[in-house]
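Asker: Take 313 as the starting number for the sequence shown in our numbering and just add one per residue.
Quick reminder that beta carbons are idealized off the backbone N, C-alpha and C, glycines included.
Pasting a structure here, questions to come.
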Amino acid sequence: MKRLRNLIDKSYTALAACSFFILVLPLLHIIGSIIINGLKRFDLELITSPPKSLLSAGGGILHAIVGTAMVVFVAMIISLPIGFLTGIYLAEFARGKLAQIIRALITTIAGIPSIIVGVFAYTIIVVVYGFSVLAGGFALGFISIPYVV
C-alpha cells in the first residue's frame, strides 16, 4: 500500500513538473525574444537623444529620463524633511495622544491609493497652475512620506 502511494506521489510530482515546464517554456521564449530584439536597438543614442516627431520612427528617451529625475527630485524635497523629522520626533520625543494621532495619520496616508493622490494633485495643482513637474512631485512626495518615516 505504501509503495502504491509513493508511486502515485512521484507520478503526480512528475506530472506537475511537466505541466510547469510546458507553461513556463513559452513565457521564457517570449521574454528571451524581447530581450534579444531589444538589445539590438539599445544603444547610447537611445538614452541621449530626444524623441522624434510622432509620425517618424526612432528617437530617444532623454526627455522621459530628465522628467523622471525632476519629479523624483521634487518628491524628495517634499518627503525627506517631513519624513525624517516626523520619524525622529516619533522615535525620540513623542508620547501620549499626539504620537498616536501622528502614527494613525502616517498609517492612513500609507493606505491611500495612488490614484486618489494623483487625482487630488490634479485638482489642486494642475487645474490651477497647469501641467508641471510640481504636480507629479507633490503626489509622489506625499505618497513617499510614510515610507520615509
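(1) Could you tell me which whole alpha helix (DSSP H) segments of length 4 or greater appear in the segment 323–383?
(2) Would you mind reading off the limits of the alpha helix (DSSP H) that contains G442?
(3) Compute the Euclidean distance between the alpha carbons of G371 and L358, then round it to the nearest angstrom.
(4) Check whether the segment 406–417 touches the segment 343–354, taking contact to mean three or more Cβ pairs, one atom from each stretch, closer than 8 Å.
(5) Tell me, to the nearest whole angstrom, how far the beta carbon of V429 is from that of F454; I am working on the premise that it is less than 8 Å.
(6) Under a three-way DSSP split, which group does P282 fall into?
(7) Would A447 pass as a contact of V460 if the rule is Cβ separation under 8 Å?
(8) Relative to the alpha-carbon of T360, which residue among A369, G350, R353 and I377 has its alpha-carbon at the smallest distance?
(9) Which residue's Cα is closest to the Cα of I418: Y434, F396 and E404?
(10) Specify, as a first and last residue, the run of the alpha helix (DSSP H) that V429 falls within.
(11) Note the first and the last residue of the continuous alpha helix (DSSP H) segment covering R415.
Answerer: Working from what's here:
(1) The qualifying runs are 356–360.
(2) Position 130 of the sequence shown, counting from 1, holds the residue named residue 442. No residue range can be given for G442, since it is assigned to no alpha helix (DSSP H) and is classified by DSSP as neither H nor E.
(3) Numbered from 1 along the sequence shown, position 59 holds the residue referred to as residue 371. Numbered from 1 along the sequence shown, position 46 holds the residue referred to as residue 358. Per the coordinates, the alpha-carbon of G371 lies some 7 Å from the alpha-carbon of L358.
(4) No contact exists between the segment 406–417 and the segment 343–354.
(5) Within the sequence shown, residue 429 is the residue found at index 117, counting from 1. Within the sequence shown, residue 454 is the residue found at index 142, counting from 1. About 6 Å; that satisfies the 8 Å criterion.
(6) No information on residue 282 is available, as it lies outside the stretch 313 to 461 that the chain covers here.
(7) Numbered from its first residue, the sequence shown carries residue 447 at position 135. Numbered from its first residue, the sequence shown carries residue 460 at position 148. Not in contact: A447 and V460 (Cβ atoms no closer than 8 Å).
(8) By 1-based counting over the sequence shown, the position of residue 360 is 48. Ranking A369, G350, R353 and I377 by Cα distance to T360 puts I377 first.
(9) Here residue 418 refers to the residue found at position 106 of the sequence shown. Cα-wise, what sits closest to I418 is F396.
(10) Taking the sequence shown and counting its residues from 1, one reaches residue 429 at position 117. First-last of the alpha helix (DSSP H) with V429: S426 to A433.
(11) Position 103 of the sequence shown, counted from the start, is the residue given in the question as residue 415. Start and end: K409 to G423.
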